[in-house]
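Numbering (the numbering used here), first residue to last: 145 to 458.
C-beta atoms are modelled at their ideal positions from N, C-alpha and C, and glycine is treated no differently.
Since the structure is predicted, the reported quantities are computational estimates derived from the model, not experimental observations.
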Ligand code: NVA
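(1) Have a look at 188, 198, 200 and 239 and flag the residue whose alpha-carbon is nearest the alpha-carbon of residue 216.
(2) Is residue 335 closer than 8 Å to residue 311 when the C-beta atoms are compared?
(3) Taking 8 Å as the CB-CB cut-off, is residue 342 touching chain C?
(4) Out of curiosity, what's the CA-to-CA distance linking residue 174 and residue 193?
(5) Could you tell me which of 161, 249 and 264 sits nearest to residue 233, measuring between CA atoms?
(6) Would you call residue 271 buried or exposed, if buried means 16 or more other Cβ atoms sit within 10 Å of its Cβ?
(7) If we require 4 or more residues per run, which alpha helix (DSSP H) segments fall completely within the region 217-276?
(8) Quick check: residue 255 and residue 229, are their CB atoms within less than 8 Å of each other?
(9) Output yes or no for whether 8 Å exceeds the beta carbon distance between residue 181 and residue 206.
(10) Look at the alpha carbon of residue 290 and the alpha carbon of residue 167, and state the distance between them as a whole number of angstroms.
(11) Distance check for residue 439 and residue 170, CA to CA, integer angstroms please.
(12) Where does residue 201 fall in DSSP's three states?
(13) Mark residue 434 as exposed unless 16 or more other C-beta atoms lie within 10 angstroms of its C-beta, in which case mark it buried.
(14) Less than 7 Å separating the Cβ of residue 373 from some heavy atom of the ligand NVA?
(15) What is the rounded straight-line gap between the Cα of residue 355 and the Cα of residue 275?
(16) Give the range of the beta strand (DSSP E) segment to which residue 368 is assigned.
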């Protein structure tokens with residue numbers, strides 16, 4: 145077997161994605177039944193950006209798998225500044241069984257994976273947030289009984305990590321994925337092309353539009369995310385202020401009425417009520433965001449168990 149990582153959503157095949165989601169559902173029903181980290185083995189969980197859900201769900205999940213979560217503050221470690229990513233990878237990989245890293249550039253994560261000798265998990269980069277997508281797909285399965293064939297619409301910043309991950313992960317899941325975003329915030333062309341190829345393979349489709357009503361029309365799942373991602377704080381005024389290009393994509397009750405009557409609403413959190421989502425939507429009956437937040441735990445546990453089984457190259 146070869147060493148595996150989750151650096152982007154398309155590191156998993158459709159069959160692997162399904163197997164992880166099914167295992168996550170089983171783990172949710174029996175929280176400590178599987179203990180592949182018993183020993184305890186250490187998993188290093190490193191943060192170069194703020195966190196709440198990710199730290200909580202990885203620490204809880206690693207403990208429930210029988211392991212020890214070593215939380216590393218990236219502002220102290222100064223990876224890439226104090227020493228190279230490669231040297232950090234070599235050191236951490238000698239002690240930890242797995243590395244979970246939230247950082248900025250995707251290339252940093254790729255360097256970590258190249259040199260660590262243990263599985264590396266993307267806990268959010270500027271480009272992708274694949275752990276969130278596993279949680280989102282688990283939530284869709286719980287509420288809709290399936291993923292394939294459903295339409296998921298993401299509204300907001302089409303160029304951010306969540307938009308890119310929705311494109312790839314939903315295409316792999318055989319969904320019809322639509323991105324509604326201002327023309328200046330289109331997803332990266334290479335990611336759209338990759339998603340189109342995956343959608344063609346798995347029976348789904350991809351659509352990117354700057355028309356919010358066309359994007360949301362008839363959707364089974366409506367998802368959004370902050371307009372100001374971590375690291376973009378300098379742009380906050382233009383993105384949140386008067387005349388924001390994202391304002392027409394705000395998930396309000398009026399816009400949601402164009403979706404299917406039984407549509408569910410996702411938000412990876414943290415949420416900014418009155419901006420990307422209205423308070424009466426996120427706090428209303430169609431919102432499943434608290435299930436979604438809990439499902440980070442179960443999805444990531446199943447992911448870690450899967451990667452550990454493929455990690456015997458060390
Ligand atoms: N796009 C957001 C996701 C937060 C979980 C960010 O990168 O800040």
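Here's the rundown:
(1) 188
(2) yes
(3) In the displayed structure, chain C is absent; only one protein chain is listed.
(4) 32 Å
(5) 264
(6) buried
(7) 218-221, 229-237 and 250-260
(8) yes
(9) yes
(10) 15 Å
(11) 12 Å
(12) helix
(13) exposed
(14) yes
(15) 28 Å
(16) 365-368
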